[in-house]
Amino acid sequence: MSKKWRLTDRTRTLLTLELAIVLPAAALMGFSIWNLKHIQRDKAVEAAIQRDFQYVLKIAEKKSWHQANELITPVRKEFPNPDDGPQIKAKLEHVLLAHPEYAYAALYDKKNNLLVTRMQPGRDHDQAFCEFTQEDINMLASWLPSEASSTVKHLRKMKEEESWGLYGGWTLRANQHAYWNVAYFIPEGVAPDRVALGMVAFDEEYLRKTFFPALVKDVLSSKSTVLKADPNLPVMMIHAPRDSTPWVASADWDGGEPEEERRFADVFPDLILAMKYQGTTIADIGNRFLRYNYIVLGALSILMVGGIWLTYRNVSREMTLARVKSDFVANVSHELRTPLALIRLYAETLELGRLKDKEKYQEYFRIIREESERLTALINNILDFSRIEAGRKEYEFQETNLAELVHSTLESYRFQIQQNGFAFEENISPDIPPVKVDREAIARSLLNLVNNALKYSRDRKFIGVSLYRSNSSINLEVRDSGIGIPANEQEKIFEKFYRCGDPLVHNVKGSGLGLSLVRHIARAHGGDVLVESEPEKGSKFTIALPFGPTSQAGSATA
Ligand code: ADP
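Numbering-wise, my numbering comes out as the position in the sequence shown, counting from 1, plus 37.
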């Protein structure tokens, strides 16, 4: 019944482990890999960055309108109207002097076929400027008569304060792209049915060196854009269509192909605003993101698998321990019961007083003594073990003549050894210095080892005990010619409750505590216990105790 329950417990624990940890962990890992593959296939990271770039470019275009609007609004207020007659020119000049960012100003009145123009007075002596500006004015003069009416009609439909527009485009000047432009509006005070236009053109140099560099800087450093949390440095430039040479570039522009572009439509037609990252590409960032995530996922997976493995190991260890403990209880009860039954049987026989033979009396007393000794040894082992487990085991170290301790311990056991038909050899070297040990603990260790030699021998019955001094330790050695211990179990036999798989071991009573106590005792003395063994040849256990001034253990609590 209990066996069946244990099995169910184990299965249930393993099932829980699988269902509650392994399956979700595997699902999580699988999902993450699927997700990353998905991101990779859809180029999702790249698309997200491109979306951000387009958003920023759109903001740049909007800002350019607002900033141009701020420049044009005062000009509209100061502008002459067609009824100003001969003062028009002077008024235009006045406007231009107040606003050096314009190359020229012009007023057109269709009714009188009047076109008054004035170039920036401040640059009257700049010959190249005058030449180019004149070209622009000529162009303006050529399209005004045909376009003015529709332009005015269009402006009249717009909201008063925003009713202005801008024509612009590219031309080659001295082999370089130059941006010509003209902003137009209806001068104040012009009757609604009259076709009249006020015009100002931004100076190309002003746009190239002041207006757009400031705009680009403003957009890139703006805290309100999606770029604020970007660890990479976005850079911008403006170029003409069909020519990717920058006309204006942000300070950090480092050349190369732009990643995203936007062609201005509303304010400065035909300008192309382009954007990229400095020193890297969106594709690189996408790859880096994936690589980083795969590495993190890999590391986490390894940790998770490690964790699961550790949990599994601990759970199985705990389960084995639980099983071993219950076996231990069964074993110990059995071990207690046998000597008690014997003691009772022989005591009862003696009590009846029917024995004639004096030798028989002696034998029965001896059996009772031996069995009670066995009981004492077992109980001592169990008590020691429980003290060690509870961390309450205390050792009392005192200067001891080890040779004498070993000899007297063996003497009390000699009879039993020989009675069991064992050849016994005792070698105690005469040069053993006094050492500080817990007498009782050392005697108990020796008895445990000798007792094991008795228990785990078949036909070749031999026990040898030696005490000798090596370089740095005093060695207490117990040899037998018994069943031996397979190499893979030689470390395990020192674990609590562990018993080897040999059938003989299972026929012999034992609790699996003796060697774990011996090791604990040896270590508490600053030494250790070692085993050398070969199956079917025999075993040699050596308790090595350090000696000398540095190795005095004093008093220790386990
Ligand atoms: P117990 O003897 O009560 O089982 P121990 O801790 O003393 O517990 O020993 C643990 C196991 O080590 C034993 O069950 C046995 O399998 C093995 N063992 C110990 N001493 C010897 C030995 N001298 N020869 C062969 N096997 C041994």
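Virtual Cβ for every residue (Gly too), placed ideally from N, Cα, C.
is_contact[residue i, chain C] using C-beta, thresh 8 Å
i	result
residue 299	The chain inventory of the structure shown lacks chain C, comprising one protein chain alone.
Chain-order list of residues whose beta-carbon lies under 6 Å from that of residue i (same chain, five-residue window excluded)
i	result
residue 593	Note that residue 593 scores 43 on pLDDT, short of 50, meaning its location in the model is unreliable and no value can be drawn from it.
residue 98	301
residue 308	275 and 301
residue 39	Residue confidence for residue 39 is low, a pLDDT of 44 falling below 50, so the modelled location carries little weight; the figure read from the coordinates is stated next. Closer than 6 Å at the Cβ level, and outside the excluded window around residue 39, lies no residue.
residue 462	501
residue 361	534
residue 47	356
residue 66	338
residue 587	Because residue 587 sits at a pLDDT of 47, beneath the cut-off of 50, its placement in the model cannot be relied upon, and the point is left open.
Closest by C-alpha distance to residue i, when choosing among the options
i	options	result
residue 388	405, 133 and 232	405
residue 231	254, 268, 188 and 257	188
residue 484	410, 540 and 528	410
residue 200	568, 52, 65 and 109	109
residue 219	168, 143, 229 and 413	143
residue 50	349, 87, 258 and 111	349
residue 437	582, 203 and 53	582
residue 258	288, 170 and 516	288
residue 251	223, 100 and 364	100
residue 487	466, 473, 472 and 515	515
residue 454	181, 493, 440 and 536	493
residue 447	426, 475 and 479	479
residue 530	517, 489, 421 and 507	489
residue 105	426, 168, 496 and 244	244
residue 456	481, 524, 256 and 403	403
residue 542	522, 528 and 554	522
residue 135	164, 150, 569 and 116	116
residue 572	585, 546, 127 and 527	527
Contact test: residue i Cβ vs the ligand ADP heavy atom, cutoff 7 Å
i	result
residue 480	no
residue 520	yes
residue 501	no
residue 553	yes
residue 623	Because the chain here runs from 38 to 595, residue 623 falls outside it and cannot be looked at.
residue 495	no
residue 530	yes
residue 489	yes
residue 475	no
residue 391	no
residue 373	no
residue 536	yes
residue 550	yes
residue 492	yes
residue 542	yes
residue 364	no
residue 539	yes
residue 517	yes
residue 485	yes
Own chain residues within Cβ distance below 8 Å of residue i, not counting five before or after
i	result
residue 460	498, 499 and 500
residue 221	188, 192, 201, 202, 203, 204, 234, 235 and 236
residue 591	Confidence at residue 591 is low in this model, with a pLDDT of 43, below 50, so its placement is unreliable and the value that follows should be read with caution. Here the set comprises 434 and 473.
residue 207	214, 215, 216, 217, 277, 278 and 307
residue 303	98 and 102
One or two residues paired with residue i in a DSSP bridge
i	result
residue 435	474
residue 460	499
residue 579	514 and 567
residue 465	504
residue 154	143
residue 28	The requested residue 28 is not part of the displayed model; the chain covers only 38 to 595.
residue 313	272
residue 361	In the DSSP output, where bridge partners are listed per residue, residue 361 has none listed.
residue 283	276
residue 297	312
Same chain, Cβ closer than 7 Å to residue i, neighbours up to 5 away in sequence not counted
i	result
residue 41	Caution applies to residue 41, whose pLDDT of 47 falls short of 50 and renders its modelled position unreliable; the model cannot decide the point.
residue 139	133, 157, 237, 238, 239 and 240
residue 43	The pLDDT assigned to residue 43 is 49, lower than 50, so where the model puts this residue is not dependable, and the model offers no usable value.
residue 319	83, 86, 87 and 296
| query | Can you give, in chain order, each stretch of the alpha helix (DSSP H) that sits fully within the region 163-238 and has at least 4 residues? | reply | You should have 164-193.
| In the region 399-456, which residue ranges form an unbroken beta strand (DSSP E) of at least 3 residues, counting only runs that do not cross its ends? | Counting only runs of 3 or more residues that sit fully inside the region 399-456, the beta strand (DSSP E) segments are 435-437, in chain order.
| field | Ranges of the beta strand (DSSP E) found wholly within the region 303-358, counting only runs of at least 3 | value | 309-314
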